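Right, one structure below, let's go through it.
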Amino acid sequence: MSDPKCKICRRAGEKLFLKGDKCFTPKCIFEKRPTPPGKPISERKHRSMTTEYGTQLKEKQKVRNTYGVSEKQFRAYIMKSTSEKGAPVDHLFENLERRLDNVIYRLGFAVNRTHARQMVSHGHFVIGKRKITIPSYRVSIGDIILVREGSKKSSLFSGATEKLSKQSVPAWLSLDPVKLSAEVKGVPKYSKDSLSFNVQSVIEFYSR
Numbered sequence: 006m007s008d009p010k011c012k013i014c015r016r017a018g019e020k021l022f023l024k025g026d027k028c029f030t031p032k033c034i035f036e037k038r039p040t041p042p043g044k045p046i047s048e049r050k051h052r053s054m055t056t057e058y059g060t061q062l063k064e065k066q067k068v069r070n071t072y073g074v075s076e077k078q079f080r081a082y083i084m085k086s087t088s089e090k091g092a093p094v095d096h097l098f099e100n101l102e103r104r105l106d107n108v109i110y111r112l113g114f115a116v117n118r119t120h121a122r123q124m125v126s127h128g129h130f131v132i133g134k135r136k137i138t139i140p141s142y143r144v145s146i147g148d149i150i151l152v153r154e155g156s157k158k159s160s161l162f163s164g165a166t167e168k169l170s171k172q173s174v175p176a177w178l179s180l181d182p183v184k185l186s187a188e189v190k191g192v193p194k195y196s197k198d199s200l201s202f203n204v205q206s207v208i209e210f211y212s213r
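In terms of my numbering, the sequence shown is residues 6 to 213.
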């Protein structure tokens, strides 16, 4: 049976890398079956022309599934992003990237955002001496993120120093593999190369 995450990628028509390292291997289901699930092969080869609405909906689903947020949460991010001064696209990207679960994923502590969300929920990280268990927690410049002392002995962090020493992190974050700590040095800046989907289409979808 195909994994639900694999079905999301097949439905999106491209890899969203929801399963971490496995997505880069020949075992990736998308490599074998890139067509959408639930339809005969013959029907999949003859797709009707996608409408503008359909394109925007598809982009919205790709962004939401990539970051693993509910429709209610995502709509709240859209409302916040469009109410702030400046470009909504920039604000949406920043709001999503500054989620703690995303930061943990970007730092390399987790293989994917789902795993990162579980690690945060289970209380493995502290910020400012306070254990944070809310995946959507918004990090701020100057925040020091540490693996909780009691969690360092967990198998989750076995060999973490060696693994993290090879990790490439975004410019707005800094990582200390030895101390298993990180610091938020700035804010994420959106560029068209930042993501594989059209964020502007997402904003337009909710502007209808």
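Note that CB positions come from ideal geometry on N, CA and C, so glycine has one too.
Computed from a prediction, not measured in an experiment: that's the story for all the values here.
My output table needs one value for F98: the three-state DSSP class, helix, strand or coil.
helix
Reference L185; option with closest CA among D198, A115 and V74
A115
Does the structure place the stretch 167 to 183 close enough to the stretch 69 to 82 that three or more beta carbon pairs sit under 8 Å?
A contact between stretches requires three or more CB pairs, one per stretch, nearer than 8 Å, and the stretch 69 to 82 fails this requirement with the stretch 167 to 183.
Touch test, the stretch 190 to 199 against the stretch 56 to 64, Cβ-Cβ under 8 Å, three pairs minimum
no
Use the C-beta contact count for S212: other C-beta atoms within 10 angstroms, 16 or more gives buried, fewer gives exposed.
By the C-beta density criterion, S212 is exposed, having fewer than 16 other C-beta atoms within 10 angstroms.
For V94 versus L178, is the C-beta spacing smaller than 8 Å?
no
Determine, using beta-carbon pairs with one atom in the stretch 122 to 135 and one in the stretch 146 to 159, whether at least three such pairs fall under 8 Å.
Enough Cβ pairs lie closer than 8 Å, so yes.
How should Y82 be labelled, buried or exposed, when 16 other C-beta atoms within 10 angstroms of its C-beta is the threshold for buried?
buried
Using a 10 Å radius around the Cβ and a threshold of 16 neighbouring Cβ atoms, would you call G113 buried or exposed?
Classification of G113: buried, given that the 10 Å Cβ count is 16 or more.
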